[in-house]
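For reference, the structure discussed in these notes is given below.
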Amino acid sequence: MPPAQAGKAPHRSKGRLRPVMQRLSRHLHQHWPVRSVGLTFAMVYGGVFVVSAIMFLSFTWWNTARLLNDHIEHAITHDASDLLARWATAGSGGLSHALRLRIEQDIGGDAIYLLISPQGQAEGGNIDRWPVQVAGTKRFYQLSLRHGGGEMPVMVHSWALPDGQRLLVGRDVKALPMMRKVMTQAFLWCLLMVVLLALGGALIVQTLFRHMVTAVARTTAAIAEGDLSRRIPLNGSETDLVAVTVNRMLTRIDKLMRGVRQVSNAIAHDLRTPITRARTRLEDAALHAKTTQELHAAIEEAVADCDHITAIFDALLRIAQIEAGARRQAFAPANPTQLLRSLAELYEAVTEDAGLKLLLYVPELPDIVCDQHMVSQAVANLLDNAIKFSPPHGTITLSARLVRQPPGPTGVHARADGPRQALEITVTDAGPGMLPADMARATARFFRAEAARSTPGSGLGLSLVHAIAGLHHGEIRLASGQHGTMDHPLENTRTDPSPATLPALPGLRATLVLPLQAPGDH
Amino acid sequence: MRLLIVEDDPTVRNFILKGLRESGHVADEAANGKDGLFLAVSEAYDVIILDRMLPGGIDGLNILETLRAQDNHTPVLVLSALADVDERVAGLKAGSDDYVTKPFAFSELLARVEALGRRSSPENAPRTNIEVGTLSLDLLAREVRRDGKRILVQPREFRLLEFLARHAGQVVTRTMLLEKVWDYHFDPQTNVIDVHVSRLRQKVDKPFERPLIHTVRNAGYILRSDLDEGS
């Protein structure tokens, strides 16, 4: 079969079958009277058990009956071929003699013979007349015959001899119905046992199922009551599939709830400051401004404050929106090389203007599935930070490389077999760096390290990067810079930094790790 | 330009009206979706400023979709408090030409409205050449000349200058430049655009007597012909 056809045939049959199956399952789903999954499972189990037992028993029954039948038929055929051979050698007389001999030797009396002349007269055998039902010579007849003591069920077969005589050979089969009756009885008893077993098994299945679900239900009930720390215990069985998913969902809900609380705290705490400032400025101007010029100045400053507040709001909302995972539809393959080079081109001018040097180490990279605008924004935020904290004549590096990422401990990447490839985008600056304790908290909203208090900014930049990384199932890592010592060889597109000009500052190295293909995305 | 403002909040509406009239535009107003739709279909406007959430059963997107269904291609600027990227996409998909989120700076709104108004005018046919005063841009060869002298610019600088030149005489904000020239939709904390513009100035303005690129305080930049300056 050509491959195209081979691929096409099952597809077509599947296509025709699928709507039927769907309609059937929908129908079952709508009209199935039992609302308990456990009971349904139990019933399905019982049903399958009973049906398979019935099938097995009937097969055995039918086979045994057939075996007996075959056995008798075989005996008749064998006997007849013997007699026909005798006729061939010794003629009609020899045959009659053989018949007589057999009837005499037949102790059980279950053999039946009859030889008739072409005119219909009996010429030998142990029954007196030819049964009317036996017309042909092609098949076995089962009938009732007067023989010996009374009416007996018999199986007979007839043969036409070349001279017009006809021979009938048969066996008494009174044992056969008896046998069948015994077997049927035995099987009915078996069936009863099977039904009982099925019911018992179904009960056990239902109990087990309820037990399994109760564990999940107990935990989710506790969560619904507000105890977000509870998790479903894992027991190593298939239910862990559900448990792990539910647990992950719970962790996420927990995180979101915490995020909401944190945002409201942050709004309460950090937004009050600029709002108060704006308000104070306006009130002060209203009360104390002597000239229109002063008034204008105060108003303009207040407007700037309002803009700042708006920017914070926008950033907060955006982070919350991204963390809720709402914007997955903008994911598309994008080329990180182009993206980073274009960003570097945008920022190069600023760094040069600020007396900084921007080094770009971006090799040709494969496409990644991402939200291009988000990733640009994340890298832009990192570059903004780097520029803000670098002293004059410092160097900022923007580099990217592919790494093999080990399966994450969170189980996010556990689905893929083995390590998956990830893109590492690193921005290193030559600034004062960050204390290790601060690094751990750096992505929290409104967090600002002590050293950064005096610089402009809202403390939301890294939160946004963190949220964007999370949306891509990636992460953001912060480390000390160790500027200029790259631990991996990269295609060098620019000249090397001259270490002599570098001030002895630790620097900060922010790495954005993005999986090449976000899990769960197509 | 003749403009229509459909906005339910009287403070915002009056603020926009006042600002537009001060800038020399003629503006009509509508406070709800029904009046807005009626005016939009019965009168000819250069630009329509449309709020998304309106009272009266017809919201901004309904008006927009009705207009576009009637083959009315008046440029529409949606002004909305719905600032999500998805909402912005919904607005643009419904047929709007620009999207400004509330709260907004009037200078930004005005710059975008004027940019839209220019776009609808017939002189915006495909061009191969833009001339602003002594400055001329060859869009095919991507060459810049001023007073006949060739100025060497980087490709991105050319696009920046081209955008400014296409909107010559209009204020162009930093956000607009970041969106239209670089296709970035975020707020950089550093003054990236200013630096790029100042580099462009070094090449386009510095060697010459009169500047072409001017900074508009609290708003952005404007490219103005050096010939009719002072008149």
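If you read the protein sequences in the order shown, they are chains D and Z. For the first sequence, the positions run 1 to 522 when this note's numbering is used. For the second sequence, the positions run 523 to 753 when this note's numbering is used. Every residue, glycine too, gets a C-beta built ideally from N, C-alpha and C. Predicted model, so just to flag it, every value in this text is computed and none were measured.
Neighbour-count burial assignment, residue i, 16 or more Cβ in a 10 Å radius
i	result
Phe-56/D	exposed
Gln-206/D	buried
Val-132/D	exposed
Thr-426/D	buried
Trp-87/D	buried
Ser-229/D	exposed
Glu-679/Z	buried
Leu-514/D	buried
Thr-511/D	buried
Val-156/D	buried
Glu-475/D	buried
Gly-47/D	exposed
Asn-63/D	exposed
His-689/Z	buried
Trp-704/Z	buried
Val-169/D	buried
Pro-178/D	It is Met, not Pro, that sits at residue 178/D in the sequence shown. The residue in question, Met-178/D, is exposed, as its Cβ has fewer than 16 Cβ neighbours within 10 Å.
Arg-494/D	Here Arg-494/D scores only 44 on pLDDT, less than 50, and its place in the model is too uncertain to base an answer on.
Gly-93/D	exposed
Glu-731/Z	exposed
Cβ of residue i within 8 Å of any chain D Cβ
i	result
Ala-591/Z	no
Ala-612/Z	no
Thr-712/Z	yes
Val-717/Z	yes
Gly-752/Z	The predicted position of Gly-752/Z is uncertain, since its pLDDT is 47 and thus under 50; no value can be drawn from it.
Phe-606/Z	One detail in the question is off: residue 606/Z reads as Asp in this sequence, not Phe. Interface residue, yes.
His-736/Z	no
Asp-709/Z	yes
Tyr-757/Z	This structure cannot speak to residue 757/Z, because chain Z is shown only from 523 to 753.
As assigned by DSSP and simplified to three states, the class of residue i
i	result
Trp-159/D	strand
Arg-415/D	In this prediction, Arg-415/D has a pLDDT of 45, which is less than 50 and means its spatial position is unreliable; what the coordinates show is noted afterwards. Coil at Arg-415/D, not helix or strand.
Leu-683/Z	helix
His-736/Z	strand
Pro-409/D	The pLDDT assigned to Pro-409/D is 46, lower than 50, so where the model puts this residue is not dependable, and the model offers no usable value.
Arg-404/D	strand
Glu-345/D	helix
Leu-359/D	strand
Leu-745/Z	strand
Val-379/D	helix
Thr-428/D	strand
Thr-511/D	strand
Arg-139/D	coil
Val-20/D	helix
Val-173/D	coil
Gln-185/D	helix
Pro-153/D	strand
Residue i at chain Z interface by Cβ criterion, 8 Å
i	result
Thr-581/D	Past the edges of chain D, shown from 1 to 522, lies residue 581/D, and the structure says nothing about it.
Leu-356/D	no
Leu-512/D	no
Ala-380/D	yes
Ser-376/D	yes
Ile-387/D	yes
Ala-349/D	yes
Leu-271/D	no
### Contiguous beta strand (DSSP E) assignments of at least 3 residues, all confined to the stretch 264-337 of chain D
332-334
#### Entry: Uninterrupted alpha helix (DSSP H) stretches inside the stretch 531-559 of chain Z (no shorter than 4 residues)
532-544
### beta strand (DSSP E) runs contained entirely in the stretch 597-670 of chain Z, provided each spans 3 or more residues
598-602, 620-623, 651-654, 657-660, 665-668
### Task
Within the stretch 27-87 of chain D, note down every full alpha helix (DSSP H) run reaching 4 residues or more, in order along the chain.
none
### Given 8 Å, three or more beta-carbon pairs between the stretch 309-323 of chain D and the stretch 255-271 of chain D
yes
#### Entry: the stretch 352-372 of chain D contacting the stretch 393-403 of chain D, beta-carbon criterion three pairs below 8 Å
yes
### Message
Contact between the stretch 332-350 of chain D and the stretch 373-389 of chain D is defined here as three or more beta-carbon pairs at a separation below 8 Å; is this criterion met?
### Response
yes
### Message
I want to know whether the stretch 192-206 of chain D touches the stretch 169-178 of chain D - three or more CB-CB distances under 8 Å.
### Response
no
### Message
I'd like to know if the stretch 650-658 of chain Z and the stretch 705-719 of chain Z are in contact, where contact means that at least 3 CB-CB pairs between them fall below 8 Å.
### Response
no
### Query
Which runs of the alpha helix (DSSP H) fall wholly inside the stretch 193-272 of chain D and span at least 4 residues, in chain order?
239-266
### Query
Does the stretch 591-602 of chain Z come close enough to the stretch 612-621 of chain Z to have 3 or more Cβ pairs within less than 8 Å?
yes
### Task
Report yes or no: do the stretch 659-673 of chain Z and the stretch 571-584 of chain Z share at least 3 C-beta pairs separated by less than 8 Å?
no
### Query
Do the stretch 537-544 of chain Z and the stretch 603-611 of chain Z touch if we need at least three Cβ pairs shorter than 8 Å?
no
### Message
Any contact between the stretch 96-109 of chain D and the stretch 69-78 of chain D? By contact I mean 3 or more CB pairs, one from each, below 8 Å.
### Response
no
### Message
Taking 8 Å as the cut-off, does the stretch 428-438 of chain D touch the stretch 460-470 of chain D (at least 3 CB pairs, one atom from each stretch)?
### Response
no
#### Entry: Three-pair Cβ contact test at 8 Å for the stretch 40-54 of chain D versus the stretch 213-228 of chain D
no
### Query
Where are the beta strand (DSSP E) runs, 3 residues long or more, that stay fully inside the stretch 684-716 of chain Z, in chain order?
693-695
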